[in-house]
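Numbering-wise, our numbering puts 446 at position 176 of the sequence shown, and it's gapless, one number per residue. Everything below concerns the one structure shown next.
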Amino acid sequence: MLTLDYVKGKSAARLKNLHPLVAEAAEVLIDRCYSIGIYVLITQGLRTYAEQNALYAQGRTKPGIIVTNAKGGESNHNFGVAIDFALFLPNGKDVTWDTLKDGNLDYLPDWSQVVDEAKQIGFTWGGDWKSFKDLPHLEMLFGLTTAQYRAGQRPTSGVLAAVQNKINARKVALTLKKDDANAIINKFLKPAYAVAETTTQRKEVGRLADELRVASGQPKQNS
């Protein structure tokens, strides 16, 4: 099972240089998805004009398939207000872009759950675009257009404050220390599990242990 620290650490480098609220929102997205057993990796963050032009050339003047219609200055990645994501596989090394995969076994596609959570935090999704749908793409534009960003315009303090409030409302409170959670599990719940007389009782002890693990940023161990 992957730890929250591991999952967040794998995205940390790509959150640098993003707009601070976009980076914060991405971390909240990772936290909330982790709490339901979905491990999100941020695969793209800020992209320079040169990097954008190189990506635009792919499938046109360079080998590969076309993955963007945006040249340098035409993508919201160029202004630090967009991210792309993928989902970790259980080994923590490989990722998937399978939009139908149900890795947390709750009968819902993990991808759709990530998108739904992202929208509640304040992101808009590239999968909702009418043309050239970009399923891994999330952005937070603060009411501005790409052209306005390119011209040097930036969000007002009032807009930023409203977005901050929306992000704060979705934050997961990890108020329990990992060592304390494990101490409770080892001292009280494991003995209770050992003397449990029915499957129902054992499942309940396991559920309580997992609640403590999630509250302290650890993965669940019981399905």
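Ideal Cβ placement from N, Cα and C applies to all residues, glycine included. Computed from a predicted model, the values in this text were never measured in an experiment.
What separation, rounded to the nearest whole angstrom, lies between the Cα atoms of residue i and residue j?
{"i": "Pro461", "j": "Gly476", "result": "12 angstroms"}
{"i": "Lys490", "j": "Ala479", "result": "8 angstroms"}
{"i": "Glu481", "j": "Ile353", "result": "30 angstroms"}
{"i": "Leu405", "j": "Arg472", "result": "40 angstroms"}
{"i": "Tyr463", "j": "Asn492", "result": "13 angstroms"}
{"i": "Ser401", "j": "Ala439", "result": "32 angstroms"}
{"i": "Asn323", "j": "Val365", "result": "25 angstroms"}
{"i": "Lys436", "j": "Lys371", "result": "28 angstroms"}
{"i": "Trp399", "j": "Thr470", "result": "47 angstroms"}
{"i": "Gly351", "j": "Leu446", "result": "In the sequence under discussion, the amino acid at residue 351 is Val, which differs from the Gly named in the question. Answer to the nearest angstrom: the Cα atoms are 32 angstroms apart."}
{"i": "Gly422", "j": "Glu474", "result": "56 angstroms"}
{"i": "Ile335", "j": "Gly279", "result": "30 angstroms"}
{"i": "Trp381", "j": "Arg302", "result": "13 angstroms"}
{"i": "Leu331", "j": "Lys441", "result": "According to the sequence displayed, residue 331 carries Thr and not Leu. C-alpha separation (whole angstroms): 44 angstroms."}
{"i": "Pro333", "j": "Thr369", "result": "26 angstroms"}
{"i": "Gly396", "j": "Lys403", "result": "6 angstroms"}
When DSSP builds the beta bridges, which residues end up paired with residue i?
{"i": "Thr394", "result": "Glu409"}
{"i": "Thr273", "result": "DSSP lists no partner for Thr273."}
{"i": "Ala352", "result": "Glu409"}
{"i": "Ile312", "result": "Phe355"}
{"i": "Thr366", "result": "Leu357"}
{"i": "Gln328", "result": "Lys332"}
For the candidate residues the options, whose alpha-carbon lies nearest to that of residue i?
{"i": "Thr394", "options": "Leu414, Gly343, Ile306, Glu474", "result": "Leu414"}
{"i": "Met410", "options": "Asp449, Ala479, Arg330, Leu316", "result": "Leu316"}
{"i": "Leu375", "options": "Ala293, Ala464, Leu446, Ile306", "result": "Ile306"}
{"i": "Thr426", "options": "Leu291, Gln491, Asp301, Glu344", "result": "Leu291"}
{"i": "Thr416", "options": "Ala466, Ser345, Arg483, Pro333", "result": "Ser345"}
{"i": "Val384", "options": "Phe355, Asp398, Lys363, Leu446", "result": "Phe355"}
{"i": "Phe349", "options": "Glu321, Asp386, Trp367", "result": "Glu321"}
{"i": "Ala293", "options": "Arg420, Gln434, Lys332", "result": "Gln434"}
{"i": "Ile454", "options": "Arg483, Glu467, Thr468", "result": "Arg483"}
{"i": "His289", "options": "Thr366, Arg424, Gln418", "result": "Arg424"}
{"i": "Tyr276", "options": "Ala295, Ala432, Leu311", "result": "Leu311"}
{"i": "Tyr419", "options": "Thr331, Gly343, Thr369, Gly362", "result": "Gly343"}
{"i": "Ile300", "options": "Asp364, Ala388, Met271", "result": "Ala388"}
{"i": "Asp449", "options": "Ile308, Ala485, Gly422", "result": "Ala485"}
{"i": "Ser281", "options": "Asn456, Thr468, Pro379, Gly362", "result": "Gly362"}
{"i": "Tyr377", "options": "Met271, Ile308, Leu272, Asn456", "result": "Ile308"}
{"i": "His347", "options": "Glu297, Thr369, His407, Pro379", "result": "His407"}
{"i": "Met271", "options": "Ala327, Gly373, Tyr319", "result": "Gly373"}
Since residue i contacts residue j with CB under 8 angstroms, what's their CB separation in whole angstroms?
{"i": "Leu274", "j": "Tyr304", "result": "5 angstroms"}
{"i": "Ala451", "j": "Gln390", "result": "That pair is no contact at about 27 angstroms."}
{"i": "Ala295", "j": "Gly392", "result": "6 angstroms"}
{"i": "Phe458", "j": "Leu430", "result": "With a Cβ gap of about 45 angstroms, Phe458 and Leu430 do not count as contacting."}
For the region 308-326 against the region 276-285, are there 3 or more C-beta pairs whose distance is under 8 angstroms? yes
Does the count of Cβ pairs from the region 329-341 and the region 358-369 closer than 8 angstroms reach three? no
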